[in-house]
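Engineer:
Numbering (my numbering), first residue to last: 3 to 721.
Now the structure itself:
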């Protein structure tokens, strides 16, 4: 166990040594871009303190090193109450690794030096003092003598390495040798020598150029295909929506990724159940600091399509994968942790097919790092792809812990849709009723059985919003159909006019019928355009009433500040006017939303219309929904199948029990065996049940047992 280094600070600073003429002036220092940014940040901090002469002291440098982008010392209290995420400054990591509290250190610095500063009056400031400049010589002229000694020490540290430019880690090493900084660190129970050792341990790449070395150069290529996208950066920029209903799966993934060895997982589930959403949910939790400290990582989603593209040449895929893994290891050595997420995980075993004979796949290149815990990785795959591609490699299966992502139920899907409702409304500039969300969940589960929840329900609501938005921007769909029909009839009449000249009786009859249809269509178009005009007037009335209500409320607040004698009558009149406007607005909105051709509200009727267009089921059948069938199911079966009351009663009771919510939603509705002699109605009752429940007998999947009497046919059925 390491002994805590905590000597008593001396009462007075040691005497300043005489200047060494052999040491060069700090003005000839070569600073890289990161050090320039650090210097400007320190200068901004000094100006915020109104420090006399705008002198940059070592404590300004410490604050600038602890908080990247800080330009005011009060930001330590106001803006930076929580620790940074993703791009953690080097000094912050070093102090934290040494067992200290970086926030407490920053607050202590603020309190110490604020008590020592002499505040200069504002009118004594010169305009030149308030103009930031990145010029290195101007910055160095604003340094105190103590800070110049720190720079000289940084230059000495630079001379002991192969670096060409002074980077922030050189300045940190120089600060550890400063007396005042060392005393401050000792008062926080921090060992300066230990901090210097950790700084050298986290020492980044060689600094041979002035420009900062770009991070993730291989993962995020500036030219050519981009092999990965940063999910945590997207979550930080609020480009990822909320993830709802996957708390258990995200927590399980967090536990697995926090292991010491084999910290890898694979998300298993059917397409559309939300496997990628679990990865996005983990990224959101990292940005909200709702994960352990060791998972303060960046999540890169590896694009296997870009990685495998143009890799027909032998060895090209291996070079790409090796470069990515090496870049991850370099960033890990510098303290930048990375978690790799691979969608379509089964593609990591495809390398042999693309790399030619003797080529390696991605999995074999990753296995050594996965086994030692030097690479954190998780992926997602369907059961079919996992069984066919991944399970065949036993060593790969051992290194990945499976997490099963089940399809949510309809009530759970409604909860997910409610979480996404605000983003959809903002994107489409529409309003979505809660009844529409419930309708989307239940209708998609019933009629879009070839897709999985919640993806099918989200797609359904999104398409409904898009349809209404198109109707608002363009002509309503009903009016557009009438106009198309009018053009078709006019073209038909022009063609029949030629036959009219030849005195064809059939053409004359057809032409008269087309003209009658055209007159009917024109009448419908005029009525639709009139309704559209009235609707536009109603919309303008709503906007006018909303504006008047907003102005009236502002005026009411202004009147409330006047004297009691002046405001009594004016306020009463204004309240009456506001009350009338609100009642008119309520009636106008109800009329607009109920009878609108270009409605801006998604209702269950709109959801049913989209389902009808997707499945070609009549909208009347979709709107009828399930309720009438279940209420009168036994009666309808008895009317269709005579003489079987016990069978129809048992079937209707089983379905009623399932739909009432008492059964397990993850199990079948019922398992029934219809037994009886030939011609008693066994097949007929099954077809009638399919017609009542699913509107068509074709929805019934029929397997004839007589066709599978042989062993060969039975194996084909199992497949």
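Glycine residues also receive a C-beta, built at the ideal position from the N, C-alpha and C atoms. Treat the numbers as computed from the prediction; the structure is a model and nothing was measured.
Starting from residue 614, follow the beta strand (DSSP E) in both directions and report where the run begins and ends.
Structural biologist: First-last for residue 614: 606-617, but that is the alpha helix (DSSP H), not the beta strand (DSSP E).
Engineer: Any idea which residues DSSP pairs residue 344 with across the strands?
Structural biologist: Answer is 304 and 381, bridged to residue 344.
Engineer: Whole angstroms is fine: what's the gap from residue 45's alpha carbon to residue 407's?
Structural biologist: Taking the straight line joining both Cα atoms gives about 52 Å.
Engineer: Below 8 Å, can you find three or more Cβ-Cβ pairs linking the segment 280-289 to the segment 417-426?
Structural biologist: no
Engineer: Would you mind stating whether residue 266 and residue 112 have Cβ atoms separated by less than 7 Å?
Structural biologist: Not closer than 7 Å, so no.
Engineer: Among 175, 523 and 149, which residue has its Cα nearest to the Cα of residue 160?
Structural biologist: 175
Engineer: Roughly how many angstroms lie between the CA atoms of residue 273 and residue 454, to the nearest whole one?
Structural biologist: 7 Å
Engineer: What does residue 231 pair with, by DSSP beta-bridge criteria?
Structural biologist: Partner(s): 303.
Engineer: Give the straight-line distance between the Cα atoms of residue 457 and residue 276, rounded to the nearest whole angstrom.
Structural biologist: Those two C-alpha atoms are separated by around 7 Å.
Engineer: Which residues bound the beta strand (DSSP E) around residue 403?
Structural biologist: 403-406
Engineer: On the DSSP bridge assignment, give the partners of residue 267 in chain order.
Structural biologist: 380 and 403
Engineer: Quick one: complete beta strand (DSSP E) runs, 3+ long, within the segment 514-557?
Structural biologist: none
Engineer: Can the beta-carbon of residue 303 be found less than 7 Å from the beta-carbon of residue 343?
Structural biologist: yes
Engineer: Enumerate in chain order the residues of its own chain whose CB-to-CB distance from residue 106 is below 8 Å, with the five nearest sequence positions on each side excluded.
Structural biologist: Excluding residues within five positions, the ones whose Cβ falls inside 8 Å are 190.
Engineer: Considering Cα atoms alone, identify which of 290, 387, 522 and 466 is closest to residue 442.
Structural biologist: Just measuring C-alpha positions, the residue of 290, 387, 522 and 466 sitting nearest residue 442 is 466.
Engineer: Could you tell me if residue 109 is buried or exposed, where buried requires 16 or more neighbouring beta carbons within 10 angstroms of its beta carbon?
Structural biologist: exposed
Engineer: Kindly confirm or deny that the segment 640-648 and the segment 467-479 touch, where touching means at least three C-beta pairs closer than 8 Å.
Structural biologist: no
Engineer: Using the C-alpha atoms, what's the distance from residue 527 back to residue 652?
Structural biologist: 53 Å
Engineer: In terms of DSSP beta bridges, what is residue 145 paired with?
Structural biologist: 58
Engineer: What number of angstroms, rounded off, separates the C-alpha of residue 239 from the C-alpha of residue 331?
Structural biologist: 26 Å
Engineer: Taking C-beta to C-beta, are residue 68 and residue 33 nearer than 7 Å?
Structural biologist: no
Engineer: Please state whether DSSP places residue 33 in a helix, a strand or coil.
Structural biologist: strand
Engineer: With burial defined as no fewer than 16 other Cβ atoms inside 10 Å of the residue's Cβ, what is the status of residue 296: buried or exposed?
Structural biologist: exposed
Engineer: Drop a sphere of 10 angstroms on the beta-carbon of residue 707, count the other beta-carbons inside from all chains shown, and report buried for 16 or more, exposed for fewer.
Structural biologist: exposed
Engineer: Use the C-beta contact count for residue 646: other C-beta atoms within 10 angstroms, 16 or more gives buried, fewer gives exposed.
Structural biologist: buried
Engineer: Can you tell which of 60, 103 and 264 has its C-alpha closest to the C-alpha of residue 179?
Structural biologist: For the set 60, 103 and 264, the Cα lying nearest the Cα of residue 179 is the one of 60.
Engineer: I'd like the list of long-range same chain contacts for residue 703, defined as Cβ closer than 8 Å, with 5 residues on each side in sequence excluded.
Structural biologist: none
Engineer: CB-CB under 7 Å to residue 612, same chain, minus the five flanking residues each way: which ones, in chain order?
Structural biologist: Cβ neighbours of residue 612 beyond the five flanking positions: 462, 465, 466 and 469.
Engineer: Tell me which residues share the same chain as residue 605 and place their Cβ nearer than 6 Å to its Cβ, disregarding the 5 neighbours each side in the sequence.
Structural biologist: 435 and 438
Engineer: What's the C-alpha gap between residue 485 and residue 615?
Structural biologist: 20 Å
Engineer: Is residue 472 helix, strand or coil by DSSP?
Structural biologist: helix
Engineer: Could you check the C-alpha separation between residue 185 and residue 193 for me, to the nearest Å?
Structural biologist: Cα to Cα, residue 185 sits roughly 10 Å from residue 193.
Engineer: Taking only three categories from DSSP, how would you classify residue 168?
Structural biologist: strand
Engineer: Just verifying my parser: in three-state terms, what is the DSSP assignment at residue 248?
Structural biologist: Here residue 248 sits in coil by DSSP.
Engineer: Are residue 299 and residue 339 touching if we call contact CB-CB under 7 Å?
Structural biologist: Their beta carbons are under 7 Å apart, which means residue 299 touches residue 339 by this criterion.
Engineer: Going straight from the alpha carbon of residue 636 to that of residue 650, what length do you get?
Structural biologist: Approximately 6 Å, taken between the alpha carbons.
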